[in-house]
Every structure is written in C-alpha cells, then in structure tokens.
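Some notes on the structure that comes next.
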Amino acid sequence: MGVGGGQIRRLYARSVLSSLASGASQPFIAVYAAVLGASSIQIGFLHAVNNLAANGLQPLWGFLSDKRGARVRPILYSTLVSSLLWIPILLVNEPAAYISLVGVQFIVASVSAPIYTALIAEVVPLAIRPLVTATVNFWGQVGSFASTLSLGVVSLVGIPGYQLGFALAAVAGILSALVFWGMKDPPKPKVMSGELTVTYVIQHIVSSRQFLRFVIISNIYGFYMSIAWPCFTLTMTRVANLSFFQIALLSVVSGIAGLLFSSIGRSLFESLVDVRLLAYCRAALASLAAVYAFLPYFEAFLMANIVAGIANVGISISLLLYITRITSVEDRGTFTAVYNLLQGLSFFFGSLVGGQLVQQLEQSLGLEAALRITLTISFIGRLIFGLLHNQLTK
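Counting from 1, position 151 in the sequence shown corresponds to residue 218 in my numbering; the numbering is continuous, with no gaps.
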C-alpha cells in the first residue's frame, strides 16, 4: 500500500484507540460529577461546556487548521494533552475542581475532531474513501461499546469503575496520539478565499430563507432538548440510584440499537421524506424525557434508550439528506459549520438553564419534583418543536 497505506493504517489504529478511550470515559463523566456531590447548576455547566466544545468550537478549529494547512500536529498535541489531563482529574475529589479540569479537557480534545475528518479526506484516495470511512466508524463504535461494557462487568466484582475507566482513557488516548508521531502533513490544501468574510456569510444565510427557518426551528428544539441533560444525570444517580454496571449498560444498549438499525433499517429511513423523518425522530426523543420524569426505573430507562438510539440514527441520516438538499456544493461546508456552531450554543444555554431550573425548584419542592417539572418542560418542547420540523416542507 506504500506511504498512503501506512497512513491509512495509522487512521485505523487511531480510531480504535480513541474509541476505547471514549467508551471508557464519556458515559461516566457527568455521572461521576454527581457521585462527587456536584450541584444541579454544576452538572448543567458540565453538560453545557461539553456540548459547546463538541459543536460550537469545531468550526473555529477547522477554520484555523485550513488557514495554516496543519493537520497532524494539532491532532497529536490536542489528543496528547487532553489524555494527560486524566491524571489530575483522577486525583481530585472536589466537584468544582473536577468540573473545571474536565471542562478544559473538553475544549482541548475538541480541537482534533474537525481536523481529523479533514485529514481522512486528504489522506484517503477518493476511490476507497467510503470503505475506509465506514471501516473507521464501525471499529470506532465497536471499540467504544467494548470498553464501556467491559468496565461495567468488572465493576460487578468490586473494582472501582470510574477510576479504572478514566485511567484506561488516559492510556488509550496517549497511545492514539502517539500513533501520529512522525507522520507528515498531506500537501497544504487550497487557502480559503479572502472573499469569505463573516459579513458575507451572515448575509448569505439570511438570504437563504429555507436554511434560516431550519436553523431557527432546529435550535429552539436543541434548547429544549438539552434542558433535560442535567436531569438525566441526576435522575440516574440520585433518584433511581443506578449502579455503575447499569449506567454502562444503558450506554451500550443505546449505541448497539443505533448501530444495528443503521445497518438493518437504513434503507427504510432513506426511503422516507427527509423532513418528516427528522420531525418524527426528534419528536420521538420526547419519550426519553417522559420516562425519566415519570418512570424512574432501570427497565424503563433501558427501553427508552433503545428508542433514543434508533431515533438518533434517523436524525443523523435525515439531517445529512436535508442539508444536502437545501444547500449548494459551494456553500455546504459553510452552512454546516454555522449550523453546528448555533447548535452548540443552543445546547450550551439549554444545559445551563436546565441545571439552574432544577436547583431553584429543588429549594421549595424537593429534588424529585424539580426534576419532574424540568423534564416535563423538556418533553413538551421536544415534542412540539420536533413536530414543527414538518413546517419545513412548505
């Protein structure tokens, strides 16, 4: 396979190792904050920073990478630093210090995500790119499920799952960074045109009425959806009192349901009208808020997470189909970046409001009632604004 083959093997290795790190840590980060005694506001802030880093900051990192033509070093250094941060995170047991360190880690780790996608496009020849991308994604998901489930199983014999998971994430993350050691950047891509200014982008988006309506509805929905995220964490840990194994199992079952349906039911999803599929799948996520509000039991959570896993596949497919349909080739990257940025901001403020609302209501009504009210608000918003996506057909 030559030089290109060696680079592709690095991509495979990095995917598996980073997924092991993700599976060992991501399902448990917010939960461990609750275990340490974090307040509702602190947990809301943790979810907010996570989603801002995962969505809102990525256009910035992608823009800077494109401008400088740097790919390998930003991925290597951001992955290495974020992995090394697990060491101080493991040593703290005070909620504010833990959340501060994890927040910094989220931001540092977010640097590599959009750049890694760009690197795949530049390293992998077009003829085999779909196969390589599918293989990377598949083994990434398998690695994530395997590490999450393994940690859940070993926790049953008394091994501390959170500490072991974060330690595994540190080791796997460091190894995934070192995979890129000595790798050279591909030829510098074409520099972005100087005509692409912030003013131009804003004017262009405002003039695209269909995309503007989509962004408004989608981001109001995102606000109501993210209100529930701190509530999910608090309900699992302080109402249902789930074990580490049960929390791990919820994550694995949801992921496997999505993976299986993406293979078995993908053709069914793709045969539906993209907007209606998006509307019904987003509305279906209202069931998750309803179950956590009124049926706070593990068995009910399990069924709701299966539904959510399948719905998220439908959302992913329909978003891709819809954005592809309403944007032109030359504008698609810019519009997608703006959409991700605004989604990150709506998730950020929704998570903050959710945590604040629970804390304020808890003072007079108690935790369970506060969670039920906040989750009900999320349920109503998810259902109404999910179904409002049907208006995009007009």
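Where is the CB? At the ideal position from N, CA and C, for every residue including glycine.
Gly232 is not a Cβ neighbour of Ser211, given a cutoff of 9 Å. DSSP assignment within the stretch 285–352 yields the following whole alpha helix (DSSP H) runs of 4 residues or more, N-terminal first: 296–301, 311–331, 333–338 and 341–351. A straight line joining the alpha-carbon of Gly225 with that of Ser310 spans about 11 Å. Burial state of Ile166 is buried, judged by a 10 Å Cβ sphere holding 16 or more other Cβ atoms. CA-to-CA, the gap between Gln423 and Val190 works out to about 45 Å. Where Val178 is concerned, there is no enclosing alpha helix (DSSP H), because DSSP gives it neither an H nor an E. The stretch 278–292 makes no contact with the stretch 75–82, as fewer than three CB pairs between them are under 8 Å.
In the three-state reduction of the DSSP assignment, Gly453 falls in the helix class, which pools H, G and I. In terms of Cα proximity to Ile187, the closest of Phe247, Glu161 and Val238 is Phe247.
One thing to note: Ala346 has its Cβ within 9 Å of the Cβ of Gly453. When Phe446, Ser106 and Leu127 are compared, the shortest CA-CA separation from Gln427 is found for Ser106. The three-state reading of DSSP puts Lys251 in coil, since its state is none of H, G, I, E or B.
Secondary structure of Ser82 (DSSP, three-state): helix. For Tyr229, the closest of Asn457, Gln125, Tyr183 and Phe95 by C-alpha to C-alpha distance is Phe95. Within its own chain, the residues whose Cβ lies closer than 8 Å to the Cβ of Gly325, once the five positions on either side in sequence are excluded, are Gly376, Ile377, Asn379 and Val380, listed in chain order. For Pro155, the enclosing alpha helix (DSSP H) stretches over residues Trp153 to Leu158. Taking every protein chain shown into account, the CB of Ile156 has 16 or more other CB atoms within 10 angstroms, so this residue is buried. In the DSSP assignment, Ala115 falls within the alpha helix (DSSP H) that extends over Ser107 to Asn118.
By the Cβ test, the stretch 409–416 is in contact with the stretch 119–136, since at least three Cβ pairs between them sit closer than 8 Å. Between the alpha carbons of Pro141 and Val221 lies a distance of about 35 Å. Relative to the Cα of Ala91, the nearest Cα in the group Gln109, Ala180 and Ala237 belongs to Ala237. When the beta-carbon positions are compared, Leu434 and Val425 come within less than 9 Å of each other.
Between Leu459 and Ile284 the beta-carbon gap is near 7 Å, inside 8 Å, which marks them as a contact.
Using a 10 angstroms sphere on the CB of Tyr364, the tally of other CB atoms stays under 16, which defines it as exposed. Under the Cβ criterion (8 Å, minimum of three pairs), the stretch 143–158 counts as touching the stretch 171–178. The continuous stretches of alpha helix (DSSP H) do not include Glu161, and DSSP gives it neither H nor E. If you draw a straight line from the Cα of Ile195 to the Cα of Thr302, it comes to about 45 Å. Counting the other Cβ atoms within 10 Å of the Cβ of Arg449 gives 16 or more, which makes it buried.
The residue among Phe368, Val83, Thr202 and Ile451 with its C-alpha nearest the C-alpha of Gln313 is Phe368. Sequence-distant partners of Trp206 (beyond 5 residues in either direction) whose C-beta falls short of 8 Å from its own C-beta, in its chain, are Tyr79, Ser82, Val83 and Ser86. For Asn122, there is no enclosing alpha helix (DSSP H), as DSSP marks it with neither H nor E. Taking the C-beta atoms as reference points, Ser275 is found no nearer than 9 Å to Ile390. Excluding the 5 residues flanking it on each side, Gly111 has same chain C-beta neighbours closer than 6 Å at Pro297, Ser418, Leu419, Gly421 and Gly422, in chain order.
Per DSSP, the unbroken alpha helix (DSSP H) holding Val98 starts and ends at Ile96 to Val102. If you compare the alpha carbons of Phe416, Pro126 and Ala164 with that of Asn407, the shortest gap goes to Pro126. Assignment of Ser150 by DSSP, reduced to helix, strand and coil, places it in the helix class.
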